[in-house]
Every structure is written in C-alpha cells, then in structure tokens.
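**Student:** For the sequence shown, my numbering assigns the number 2 to the initial residue and increments by one for each residue that follows.
A virtual CB, placed ideally from N, CA and C, is assigned to each residue, including glycine.
A quick note: this is a predicted structure, and the numbers were derived from the prediction, not measured.
Take this structure first; my questions come after.
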Amino acid sequence: MSFKDYITEVPDFPEEGVNFKDISPLLAEWGVFDECIEKMGDLVGKLPDYWIGIDARGFIFASALSVMHGGG
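See below:
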C-alpha cells in the first residue's frame, strides 16, 4: 500500500508557490491510518519514552504512536 495515495496535494495554497499536503483522506480511513502508525513506529529502533509531535499534524501522529507503541 502506498500512503501517498491517501494524501492529496493542493497547489498554491495557502499562497502561490506553496503546495499544501492534505492528510485528511489518510486520517479518514482507519485501517490505513492504523497501518501508517504501525509502520512509523517500526522505523524507530528503540522506542522512546515520549513521542513529540511538532505542529498540529504532529500532535495527531505522536498521540497515535504513543497509544500503539507505548510511551508518553
């Protein structure tokens, strides 16, 4: 499965020259999001004590990583 299939790109948003990556289709499909979180966690050699999410999107992924793989 390619997670890129669930991420749409909105050109020139919010301003010209910036391409916004819309992850809402990925978040809307629970099975796809679950697999994404599982694979993201598998990329980490030693699981951390804390997952840190930078910006609003990071909060979503860090909290899901914490629930699935443990840690705060």
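If you follow the alpha helix (DSSP H) that Phe14 is in, where does it begin and where does it stop?
**Tutor:** The residue given as residue 14 occupies position 13 in the sequence shown. Where Phe14 is concerned, there is no enclosing alpha helix (DSSP H), given that its DSSP letter is neither H nor E.
**Student:** Start and end of the alpha helix (DSSP H) containing Phe62?
**Tutor:** Within the sequence shown, the letter at position 61 stands for residue 62. Unbroken alpha helix (DSSP H) run through Phe62: Asp56 to His70.
**Student:** Identify whether Asp43 lies in helix, strand or coil by the three-state DSSP scheme.
**Tutor:** As a working mapping, residue 43 is identified with position 42 in the sequence shown. Correct three-state label for Asp43: helix.
**Student:** Under 8 Å: do the segment 8-18 and the segment 29-42 share three or more Cβ pairs, one atom per stretch?
**Tutor:** Verdict: no, contact absent.
**Student:** What did DSSP end up calling Asp35 once you bin it into helix, strand or coil?
**Tutor:** The sequence position of residue 35 within the sequence shown is 34, counting from 1. It is helical.
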